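A.B. asks:
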Amino acid sequence: MIKAVHLALVFWVLSIFLSGCSKNEKLIVGFADAQKARIGVMTGSTGEAVAAKRFPKAQVKSFDDIMDAVAAIKSGQLDAIITLFPAALQVSKKNPELRILPEPLDFEDTAIAVRKDNDQLLATVDRIVAALKADGTLADMEKRWLKPDLSPYQELDVVPLRQGKILKIGVSATREPFSFVDDHGRVSGFDGELARIIAVKLQRPVEFFNMKFMALIPALQSGKVDLIISGMTATSERKKTVNFTQPYFANKQVMLVRKPAVAPLSTVSDRSELSTLNSLKGKRICVLPGSAGEMAARQKFSGSQFQVFTAAADAALAITTNKADAFVYDKSVLLNLAEKNPELMILDQAVDKLEVAAALRKDNTALLSEMNKALQSLKQEGELQRLRTKWVDTKYTATPQLQPAKAVHTSGVLRMGTCANLEPFSFQSNGIITGLDRELSQLLGERLNKKIEIIDMNFEALIPALQSGKIDFALSNFNVTEERKKLINFSVPYITNDISVLVRKTGSSATTAAPSFFSDLVTSFQSNIIHEMRYLLILDGLKTTVVISVFATLFGTLLGALICFMRMAKSRLLSAPARLYIAILRGTPVLVLLMLIFYVVFASINISPVIVAVIAFGMNFGAYTAEIFRTGIEGVEKGQTEAGISLGFTRTSTFLHIVLPQMVRRILPVYKGEFISLVKMTSIVGYIAVQDLTKASDIIRSRTFDAFFPLVMVAILYFLISWTLMQSLEYLERITDPKYKKRKAGRA
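Dropping the structure here:
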């Protein structure tokens with residue numbers, strides 16, 4: 019036991035040191051830097067095709083889940099990750115050292131997959147998706163699930179029926195916020211909520227099958243699931259094998275990269291030098307992705323270290339805590355931040371002066387013309403100046419009230435996109451969106467006789483939303499730039515603003531202390547085990563792993579004995595099939611065998627995946643134990659069998675009382691090794707929607723993105739399982755040893 023503990027401690031220490039080892043890191047600030055980079059993609063995802071097309075000279079590495087790729091990029095084994103925006107957004111929120119490049123790689127449609135021969139279900143679900151899109155349900159879901167911060171999700175309480183034909187949903191629940199396992203152990207997220215809504219409308223109970231993403235389509239084709247609702251892109255290749263509904267989400271492929279290394283903390287004397295634009299060169303500068311401030315900052319301060327944030331408040335916090343030196347953005351927003359943070363100030367010299375206008379789709383010239391007329395009219399009436407005075411030039415302590423809307427006849431709806439975290443232009447107050455842009459949209463609606471529907475989204479998502487037709491126009495402090503004019507149209511400007519710099523005042527100081535190893539360990543334990551009662555996932559996974567291991571061993575041992583009997587029979591009718599079985603099973607990878615049995619052999623049978631795992635591992639174990647048994651039997655001299663028969667024993671009695679005890683003692687060391695291999699091989703059962711120990715760690719890592727603690731914890735648990743079961747086999751080895759029996763008899 020002491021030796022085992024020592025080995026575990028050595029393994030733990032080695033893991034700590036090895037986790038800190040990394041390869042040469044390549045800093046990527048644009049797609050040009052990634053041409054020969056090490057890029058991670060998800061296995062079976064459209065990101066693989068995007069990487070091959072856009073970066074043919076890059077080293078592309080495939081991962082089963084996003085958290086594995088995140089662990090690789092954080093340890094320096096990758097330079098970038100290509101994945102869908104929702105997953106990248108969640109990763110960047112939980113890993114401040116990573117950021118999303120502002121320009122998308124590709125645009126995609128996310129849809130629900132249905133089996134080719136199930137046209138009736140396809141038509142029904144398609145109508146449901148269309149209705150959810152028309153009544154604004156999908157837009158509301160997108161707002162609630164794809165948030166720029168880590169505040170709690172607001173999930174609708176959708177309760178499907180408990181009786182009736184079960185609607186089986188295939189998911190890969192390690193892709194928060196689209197699909198993940200919540201603190202109650204159930205599948206949640208955008209896709210989880212959508213699946214429950216569809217089940218309610220179909221008046222059917224719902225059951226989720228959580229599996230690897232690459233296993234979803236085989237599960238659908240074999241009838242193991244009815245629908246795939248797991249952020250799947252409707253590609254032409256996939257359409258050859260499955261059908262898709264109309265899209266329920268306009269997605270995009272983006273690149274996730276490391277942020278530049280943070281420079282050493284500035285001292286108070288350094289801070290006093292940040293009084294001019296020239297003093298900012300080489301400093302740590304905050305920007306918002308895709309903003310005019312980012313473009314101006316990268317052009318003006320090319321040698322600086324840029325830190326990308328999704329919210330202006332987060333950038334201000336980075337400056338106050340001394341994790342950054344400056345924030346380049348629209349002066350109107352910076353004024354508000356400086357007002358709320360007395361230790362911050364705005365430099366007198368502006369970086370640039372830009373116009374702010376409404377953004378519209380390139381082909382929507384009719385709306386552009388109408389909006390320009392309305393803005394010109396508002397300018398002549400003095401309304402634009404009134405809005406600027408009210409929201410920008412006046413220092414308000416309480417949020418100003420929106421001007422009451424006039425009762426006008428509306429003829430249609432205009433969907434307006436905005437990023438509601440940019441006070442004073444667009445922000446949340448008392449649960450509603452308010453600000454200059456919100457009040458301006460109200461005035462535009464009155465002039466155009468249209469009802470304005472506000473859609474809140476991330477700033478970097480506004481242009482893709484315009485291009486895909488999800489919104490008709492955007493009012494969100496949009497600065498007019500030449501780069502943006504290539505993608506979208508702009509109205510006449512309704513305000514002119516400076517791009518300015520926010521810094522800490524001279525004499526302000528911030529102190530930060532690096533957390534100790536033990537405090538990190540406590541934090542990791544809290545977030546990975548205690549938070550949201552995640553230890554229940556570990557306990558459930560542990561139970562599943564033990565059940566599969568024990569029953570597969572028992573089944574495989576009995577099967578191996580039968581195959582051994584056939585293999586040693588003199589009749590070729592028995593020995594030939596046994597030889598063939600052993601050759602095929604030993605030459606087939608266990609994962610392939612597992613998926614063949616689940617998706618092909620039992621395709622039309624509703625059988626528990628745990629039972630399938632026991633059968634598959636038992637069959638594989640039986641092929642190896644059959645040869646182990648044969649070797650053990652042949653190791654006993656044939657003369658002993660003949661002697662037993664001569665003494666009056668039957669052949670069966672001779673085997674049971676003379677050959678078997680010797681055979682067991684001979685084979686136990688090899689049998690133990692094969693048994694330990696089986697326990698470790700059970701880690702692949704996640705491919706057939708079994709939540710074992712490894713799958714539980716995957717689910718936890720998909721929420722916390724902590725690569726070290728969950729993996730080391732699971733490794734130790736596998737060791738404890740193997741060690742405990744090994745002790746039982748060693749006890750069996752001792753009681754079958756004649757010397758042990760003699761010693762025990764002597765003591766008696």
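Residues in the sequence shown are numbered consecutively from 19, following my numbering.
Just so you know, even glycine gets a beta-carbon here, dropped at the ideal spot from N, CA and C.
In this text, all values refer to a predicted model and were calculated from it rather than measured experimentally.
#1: Since M584 and L592 should fall inside the 8 Å C-beta cutoff, what is the C-beta to C-beta distance between them, to a whole number of angstroms?
#2: Report buried or exposed for N497, applying the criterion of at least 16 other Cβ atoms within 10 angstroms of its Cβ.
#3: With which residues is A483 paired in a DSSP beta bridge?
#4: Could you check where the alpha helix (DSSP H) with Y599 kicks off and where it finishes?
#5: Please classify M551: is it buried, with 16 or more other beta-carbons within 10 angstroms of its beta-carbon, or exposed?
#6: Please work out which residues of its chain come closer than 6 Å, Cβ to Cβ, to D288, disregarding the five sequence neighbours upstream and downstream, and give them in chain order.
#7: If you drop the 5 nearest sequence neighbours on each side, which residues of the same chain put their C-beta closer than 7 Å to that of V630?
#8: Tell me whether A640 is buried or exposed, calling it buried when 16 or more other Cβ atoms sit within 10 Å of its Cβ.
#9: Would you mind sorting Y749 into buried or exposed? The rule is 16 or more other CB atoms within 10 Å of its CB.
#10: Could you please give me the residues that DSSP links to A375 through a beta bridge?
#11: Confirm the yes/no value for this check: CB of E373, any heavy atom of the ligand SAH, distance under 7 Å.
#12: DSSP state of G108, grouped into three classes?
#13: Starting from the Cα of P74, find the closest Cα among Q53, F81, L678, S80 and give me that residue.
#14: I'd like the span of the beta strand (DSSP E) that includes C304, first residue to last.
#15: Under 8 Å, with one C-beta from each stretch per pair, do the segment 143-152 and the segment 269-278 reach the 3-pair mark?
#16: From the DSSP output, in three-state form, read off A259 for me.
#17: Alpha carbon to alpha carbon, how far is T529 from L116?
#18: Are there 16 or more other CB atoms within 10 angstroms of the CB of I753, so buried, or fewer, so exposed?
#19: Run through the DSSP bridge pairs and tell me what F508 is partnered with.
#20: Looking only at its chain, what residues have a beta carbon closer than 8 Å to the beta carbon of E312, apart from the 5 residues adjacent to it on each side?
#21: Would you mind giving the Cβ-Cβ distance between L462 and L405, rounded to the nearest angstrom? I have them listed as a contact below 8 Å.
#22: Under 6 Å Cβ to Cβ from I215, same chain only, skipping five residues before and after it: list those, please.
#23: Have a look at R502 and V132 and give me their C-alpha separation to the nearest angstrom.
#24: Apart from the five residues just before and just after K815, which ones in its own chain have a Cβ nearer than 6 Å to its Cβ?
#25: Quick check: the segment 434-445 against the segment 350-367, are at least 3 beta-carbon pairs closer than 8 Å?
#26: Could you pull out every residue in the same chain whose Cβ sits closer than 8 Å to the Cβ of L555, ignoring the five residues on either side in sequence?
#27: Where does F125 land, buried or exposed, given buried means 16+ other C-beta within 10 angstroms?
#28: Return the CA-CA distance between C39 and L480, expressed in angstroms with no decimal places.
#29: Which complete alpha helix (DSSP H) runs does the segment 52-130 hold, if anything under 4 residues is left out?
#30: Quick check: what's the CA-CA separation for Y736 versus T571?
#31: At what residues does the alpha helix (DSSP H) containing V847 begin and finish?
#32: Can you give me the C-alpha to C-alpha distance between S110 and I118, rounded to a whole angstrom?
#33: Checking 8 Å against the spacing of the C-beta atoms, do P104 and G249 come in under that value?
#34: Would you be able to state if there are at least three C-beta pairs under 8 Å between the segment 206-226 and the segment 251-262?
#35: Assuming L96 contacts A87 (C-beta within less than 8 Å), just tell me the rounded distance between them.
#36: Using a Cβ-Cβ cutoff of less than 8 Å, which residues in the same chain neighbour V564 once the five nearest sequence positions on both sides are dropped?
C.D. replies: If we stick to the structure as given:
#1: Here the question's residue 584 lines up with position 566 in the sequence shown. Here the question's residue 592 lines up with position 574 in the sequence shown. About 4 Å; that satisfies the 8 Å criterion.
#2: Within the sequence shown, the letter at position 479 stands for residue 497. That one is buried.
#3: Residue mapping note: residue 483 aligns to position 465 of the sequence shown, counting from 1. Its beta-bridge partners do not exist; DSSP assigns none.
#4: Taking the sequence shown and counting its residues from 1, one reaches residue 599 at position 581. Y599 -> alpha helix (DSSP H) spans 590-605.
#5: Numbered from its first residue, the sequence shown carries residue 551 at position 533. Flag for M551 reads exposed.
#6: Within the sequence shown, numbered from 1, the residue matching residue 288 stands at position 270. Only weak support exists for where D288 lies, its pLDDT of 38 falling under 50; the coordinates are left without a value.
#7: Position 612 of the sequence shown holds residue 630. The residues are I615, F616, F620, I706.
#8: The residue you call residue 640 lines up with position 622 of the sequence shown. The amino acid occupying residue 640 in the given sequence is Gly; Ala does not appear at that position. By the neighbour-count rule (16 or more Cβ atoms within 10 Å), G640 is buried.
#9: Numbered from 1 along the sequence shown, position 731 holds the residue referred to as residue 749. It counts as exposed.
#10: Start at 1 with the first residue of the sequence shown, and residue 375 comes out as number 357. Bridge partners of A375: none, in fact.
#11: The ligand SAH is not among the ligands present in this structure, which contains no ligands whatsoever.
#12: Here residue 108 refers to the residue found at position 90 when the sequence shown is read from its first residue. Before going on, a small fix: residue 108 reads as Gln here, not Gly. Helix, per DSSP.
#13: Within the sequence shown, residue 74 is the residue found at index 56, counting from 1. Nearest of Q53, F81, L678, S80 to P74, Cα basis: Q53.
#14: If you number the sequence shown from 1, residue 304 lands on position 286. Unbroken beta strand (DSSP E) run through C304: 302-305.
#15: no
#16: Within the sequence shown, residue 259 is the residue found at index 241, counting from 1. One detail in the question is off: residue 259 reads as Thr in this sequence, not Ala. In this structure, T259 counts as coil in the three-state DSSP scheme.
#17: Along the sequence shown, read from residue 1 onward, the residue named residue 529 stands at position 511. Along the sequence shown, read from residue 1 onward, the residue named residue 116 stands at position 98. Confidence is the limiting factor: at T529 the pLDDT is only 44, short of 50, which leaves the residue's position unreliable, though a coordinate-based value still follows. Between T529 and L116, the C-alpha separation is close to 23 Å.
#18: Mapped onto the sequence shown, residue 753 falls at position 735. By the neighbour-count rule (16 or more Cβ atoms within 10 Å), I753 is not buried but exposed.
#19: Position 490 of the sequence shown, counting from 1, holds the residue named residue 508. Paired residues: A377.
#20: Looking up residue 312 in the sequence shown gives position 294. Contacts found: P120, V305, L306, F324, V326, V346.
#21: Residue mapping note: residue 462 aligns to position 444 of the sequence shown, counting from 1. Residue mapping note: residue 405 aligns to position 387 of the sequence shown, counting from 1. Going by Cβ atoms, the distance from L462 to L405 rounds to 12 Å, so no, they are not a contact pair.
#22: Taking the first residue of the sequence shown as position 1, residue 215 is located at position 197. Answer for I215: V176, listed in chain order.
#23: To locate residue 502, count along the sequence shown from 1; it is residue 484. To locate residue 132, count along the sequence shown from 1; it is residue 114. Straight-line Cα distance between these residues: approximately 38 Å.
#24: There is no way to answer for residue 815, as the model of the chain reaches only from 19 to 766.
#25: yes
#26: Residue numbering aside, residue 555 sits at position 537 when the sequence shown is read from its first letter. The residues are V199, G203, Q709, A714, I717, I718.
#27: Reading the sequence shown from its first residue, position 107 is the one you call residue 125. Exposed, because fewer than 16 other Cβ atoms sit within 10 Å of the Cβ of F125.
#28: As a working mapping, residue 39 is identified with position 21 in the sequence shown. As a working mapping, residue 480 is identified with position 462 in the sequence shown. The predicted position of C39 is uncertain, since its pLDDT is 44 and thus under 50; no value can be drawn from it.
#29: 64-72, 84-92, 103-112
#30: What you label residue 736 is simply residue 718 of the sequence shown in a count that begins at 1. What you label residue 571 is simply residue 553 of the sequence shown in a count that begins at 1. In a straight line, the C-alpha of Y736 is about 16 Å away from that of T571.
#31: The question about residue 847 has no answer, for the chain in this structure spans 19 to 766.
#32: Residue 110 sits at position 92 when you count from the first residue of the sequence shown. Residue 118 sits at position 100 when you count from the first residue of the sequence shown. If I take the Cα positions, the gap works out to 7 Å.
#33: As a first step, residue 104 must be located in the sequence shown, where it is residue number 86. As a first step, residue 249 must be located in the sequence shown, where it is residue number 231. Yes, these two residues count as a Cβ contact at 8 Å.
#34: no
#35: For the purposes of this step, residue 96 is identified with residue 78 of the sequence shown, where counting begins at 1. For the purposes of this step, residue 87 is identified with residue 69 of the sequence shown, where counting begins at 1. Their Cβ separation, rounded to whole angstroms, is 7 Å, which keeps L96 and A87 in contact under 8 Å.
#36: Residue 564 sits at position 546 when you count from the first residue of the sequence shown. Excluding positions up to five away in sequence, the list reads I739.
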